[in-house]
Amino acid sequence: MKTLIEENNLMSIEDAARYIGVTTKTFRVNYSNKLNDVKHTIGKKCYFPKDSLKRFLISNKN
135 MKTLIEENNL
145 MSIEDAARYI
155 GVTTKTFRVN
165 YSNKLNDVKH
175 TIGKKCYFPK
185 DSLKRFLISN
195 KN
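The sequence shown runs 135 to 196 under the numbering used here.
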């Protein structure tokens with residue numbers, strides 16, 4: 135049985151920061167608010183869909 139996090143392909147803030155290639159603190163300051171519309175809060179932790187992170191990276195390439 136899959137958990138809600140696995141089922142929806144969600145990543146924690148720590149995993150999302152590693153995926154983007156920044157520190158957790160940098161992710162919280164610079165990216166977390168920009169991704170508010172896709173953020174899921176489960177308990178006290180925030181999670182982000184991996185697909186949304188991919189789209190965000192593609193749309194914000196230099």
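Yeah, the Cβ is synthetic: ideal placement off N, Cα and C, and Gly gets one too.
Among 141, 154, 176 and 158, the one whose alpha carbon lies nearest that of residue 148:
158
DSSP-derived helix/strand/coil call for residue 178
coil
Boundaries (first-last residue) of the beta strand (DSSP E) holding residue 144:
144–146
Is it buried or exposed, residue 191, if we count other Cβ atoms within 10 angstroms and call 16 or more buried?
exposed
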